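See below for the structure under consideration.
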Amino acid sequence: MKPIVIAIDGPAASGKGTLARRLAAAFNLPYLDTGLLYRVVARRVLDHGGNPADPAIATAQARGLGRLDLGRDDLRTPEVDLAASAVASIAAVRAALLDFQRNFAASSGAVLDGRDIGTIVFPQAAVKLFITASLDVRAQRRFAERQIQGHTATLDAVRADLAVRDEADRTRTAAPLRPADDAHVLDTSALDADHAFAAAAAWVNQALAKV
Ligand code: CDP
Ligand code: CDP
1 MKPIVIAIDG PAASGKGTLA RRLAAAFNLP YLDTGLLYRV VARRVLDHGG
51 NPADPAIATA QARGLGRLDL GRDDLRTPEV DLAASAVASI AAVRAALLDF
101 QRNFAASSGA VLDGRDIGTI VFPQAAVKLF ITASLDVRAQ RRFAERQIQG
151 HTATLDAVRA DLAVRDEADR TRTAAPLRPA DDAHVLDTSA LDADHAFAAA
201 AAWVNQALAK V
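The sequence shown begins at 1 in UniProt numbering and counts up one residue at a time.
Here it is as structure tokens:
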């Protein structure tokens, strides 16, 4: 397997992570969920009683990334969703996390998913995918996941949180969420995970034939 980078971006609960994991397994590449980096920085700021929108506090946590625990099990709560989006709008936080993401793919290539992988982190990625789905479909998916995890938020609350976070991620100045010019855009509103994988795998095979 050639050491290619597959960059997967898109709004919350569009199916990026599910697709990224399957592509990584199928093409034998390491996988990094870059949302976890922002989530762990946010979690640490909250643990210290800080404000996630405070650049000095959030940046100090991001610079300590090597010592942060990406395996924590308390990173997918509604509180951390919004705090992650807040720390992610700070340019110095993003800058502090860049080397970690680039080094991750340096030796064997990788699949990375996030918001700015195809635009900022790996603008030269061999394959760029932008995964979308309607707000209602994404809210339903996230609601189902959160119910399994035992959270009690209503579907309306989940939908409202996604809408707020998408808007913040799309309109921020630092690395806003948008498809790279050369990204394949895949709307999964009416696609199950198997069909999304099949479409994405075809694009990866096309790219592999060229490298
Ligand atoms: O899983 P979900 O799509 O809900 O979120 P995530 O990928 O874990 O990302 C959480 C937050 O981190 C997002 O709302 C973004 O604000 C931020 N993020 C980012 O700015 N850039 C990335 N590459 C990944 C995440
Ligand atoms: O990483 P991101 O937040 O974009 O979404 P995810 O956590 O991968 O997916 C959210 C949920 O949507 C998961 O429960 C998937 O099983 C489901 N799903 C999917 O990932 N892809 C589809 N085409 C349809 C559903």
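Note that the Cβ used here is the ideal one computed from N, Cα and C, for glycine as well.
Treat the numbers as computed from the prediction; the structure is a model and nothing was measured.
Pair within 7 angstroms by beta-carbon distance, residue i and residue j
i    : j    : result
D113 : D33  : yes
L19  : A200 : yes
Y38  : A84  : yes
G118 : A183 : yes
R172 : S89  : yes
I10  : F130 : Sequence inspection shows Gly at residue 10; the Ile mentioned does not correspond to that position. Yes. Within cutoff.
L98  : A62  : no
L68  : V40  : yes
G15  : A168 : no
A207 : V127 : yes
Close beta carbons around residue i, own chain, < 6 angstroms, minus the five adjacent residues each side
i    : result
P176 : R170
R142 : A13 and V158
T77  : none
P179 : F130 and V185
V111 : I6, A20, L23, A24, L29 and Y31
A42  : P52, V80, A83, A84 and V87
F104 : L32 and A110
I148 : none
D187 : T132
P3   : S108 and G109
Three-state class that DSSP yields for residue i in the structure shown
i           : result
T119        : helix
F143        : helix
I4          : coil
V211        : coil
D156        : helix
G35         : helix
H195        : helix
residue 216 : In the structure as shown, the chain begins at 1 and stops at 211. Residue 216 is therefore absent and cannot be evaluated.
Close beta carbons around residue i, own chain, < 7 angstroms, minus the five adjacent residues each side
i    : result
A91  : A174
A53  : A86
R146 : A153 and V158
G17  : D33 and D113
Cβ separation of residue i and residue j, assumed to be a contact under 8 angstroms, to the nearest whole Å
i    : j    : result
A58  : V87  : 4 angstroms
V204 : L23  : 6 angstroms
A139 : L162 : 6 angstroms
R115 : L135 : No, R115 and L135 are not in contact; Cβ-Cβ is about 16 angstroms, not under 8 angstroms.
Cβ shell of residue i (< 8 angstroms), same chain only, five flanking positions each side left out
i   : result
D74 : R43 and V80
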